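Going by my numbering, the letters in the sequence shown line up with residues 5 to 301, in that order. Presented below is the structure to which this report refers.
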Amino acid sequence: MELYQLRSFIAVAEAANFTRASVQLNITQPALSQQIINLEKELGHKLLHRLGRRAVLTDSGRIFIERARRILWEADNAIKEIRDNPDAEGRITVGAIPSVAPYILPALIAQSRLDYPHLQIRAREDFRSQLVQGVLEGSLDLAVVATPVQAPALAVETLMREPLLLAVSTTHRFVKQNSIKAAELAEETFVMLGSSSSLAEQVRQFCGDHQFEPRIGFRCAQLATVKSLVTLGAGIAILPRIARSSKDDGNLVYLQLEDTKPERELVIIRHLQSYQSRGVTQFLNMLRAGALARAMH
5 MELYQLRSFI
15 AVAEAANFTR
25 ASVQLNITQP
35 ALSQQIINLE
45 KELGHKLLHR
55 LGRRAVLTDS
65 GRIFIERARR
75 ILWEADNAIK
85 EIRDNPDAEG
95 RITVGAIPSV
105 APYILPALIA
115 QSRLDYPHLQ
125 IRAREDFRSQ
135 LVQGVLEGSL
145 DLAVVATPVQ
155 APALAVETLM
165 REPLLLAVST
175 THRFVKQNSI
185 KAAELAEETF
195 VMLGSSSSLA
205 EQVRQFCGDH
215 QFEPRIGFRC
225 AQLATVKSLV
235 TLGAGIAILP
245 RIARSSKDDG
255 NLVYLQLEDT
265 KPERELVIIR
275 HLQSYQSRGV
285 TQFLNMLRAG
295 ALARAMH
C-alpha cells in the first residue's frame, strides 16, 4: 500500500467522481482507476461503488477513509517534524479574511524579516469558509478568521475582540448629531462587502437584532472600495476598528452608536492533529504580540 494510493482514494471519495479527481491530481483517469483497483485488490474489499459518473463509498470505504486520512496526516506531520530543525528554513502558509489580511499580514511579514530572517511566509487572503477548509485539508498552517467557527477538528484560540464602528462621510447628518441609535440606521443605504464575507454576515445579523433589514446599495470586494464609496457620501458602513487608518481620506469619519456597541471576535484556527513547527510557533508569537499591542492602542 502506497501513500499516493491513499491520496487518490480520498480525492475520488471527496470529489465523488473519477474525472474531477484525476484533474485535481493531475493524472489520467485510467491511471487513477487502476490505482483504486490495485488498492481494493490489496485490501480484499470494494471501497467505491461506480454508479455511472458517480463514485460512492461502500461500507468498507467509509471505514477505511478515516484511517487513510489519519495515515496521511501522520505521514505529513512526520515529514514536517523531520524537516523542522534549527538549521532548516521555516516555511509556513497562513491565511486571513479580507477584513483582516491587509492590516496585519504585511506588518507581520516585515517584522519576521527582522526577528526571524529564516522564516518564509506564504499568505492567502480568502473568505472564512475557504480558510477553514484550507486548515482542515492541511494547505494552511493557520488562519485568522472571525467567529463563529464550528469544526471539531480545529483548535480555536481567541486573538482579540474589536469594536465595529459606524463609518460615514463628513457631510452626513450623523456627524452633527450628539448621539446615534441603531434604529436610525434602518433608513440609510449601506455599503457592504460581498455576501460571502463574514463581516457582511455580522452586519446583517446586527441589523436583524435591531429589527430591520439593511438597505444595501453597494457590494464591494475590498474594504478600500467600501471606504471610498462612504467618503463620497454614497452610503454608510459598519467597519472593524482595525480598518481605521491614518491614511484614510479626511472626509471619512468613524462614529460610535449610543445604545449598542457591536464587536467581533477574531480567532486563530489550527488543525488539532497538525504538528506545530518552529516557524508556526514564531509566527504565532508575533501575531499574539501584535494583537496585544493593537488592543492596548
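Here a beta-carbon is modelled for each residue, glycine too, at the ideal position from N, C-alpha and C. No experiment lies behind these values; they were computed from the predicted model shown.
{"Query": "Meets three-Cβ-pair contact criterion under 8 Å: the stretch 143-158 and the stretch 222-237", "Result": "no"}
{"Query": "Beta-carbon proximity of residue 227 to residue 121, cut-off 9 Å", "Result": "no"}
{"Query": "Whole alpha helix (DSSP H) elements within the stretch 114-162, 4-residue minimum", "Result": "132-141"}
{"Query": "For residue 256, three-class secondary structure by DSSP", "Result": "strand"}
{"Query": "Residue 4 to residue 203 span [Cα, whole Å]", "Result": "Residue 4 is absent from the structure shown; the chain starts at 5 and stops at 301."}
{"Query": "Identity of the residue in 39, 5, 272, 276 nearest residue 162 by Cα", "Result": "272"}
{"Query": "Proximity of residue 123 and residue 9 at Cβ, strictly below 9 Å", "Result": "no"}
{"Query": "Counted within 10 angstroms of its Cβ, other Cβ atoms place residue 71 as buried (16 or more) or exposed", "Result": "exposed"}
{"Query": "Residue ranges of each beta strand (DSSP E) within the stretch 262-293, 3 or longer", "Result": "267-275"}
{"Query": "C-beta atoms of residue 178 and residue 125 nearer than 9 Å", "Result": "no"}
{"Query": "Three-way DSSP call (helix, strand, coil) for residue 34 in this model", "Result": "helix"}
{"Query": "Proximity to residue 145 [Cα-Cα], best of 116, 100, 211", "Result": "100"}
{"Query": "Contact set for residue 188: own chain, Cβ-Cβ below 6 Å, skip 5 residues either direction", "Result": "none"}
{"Query": "CB contact flag (residue 242, residue 170, <9 Å)", "Result": "yes"}
{"Query": "Pairwise C-alpha distance: residue 68 and residue 54", "Result": "17 Å"}
{"Query": "Backbone CA spacing between residue 140 and residue 180 [nearest angstrom]", "Result": "48 Å"}
{"Query": "Exposure label - residue 130; buried when at least 16 CB within 10 Å", "Result": "buried"}
{"Query": "Cβ neighbour criterion (16 or more within 10 Å) applied to residue 174", "Result": "exposed"}
{"Query": "Closest residue to residue 185 among 165, 260, 166, 193 (Cα-Cα distance)", "Result": "260"}
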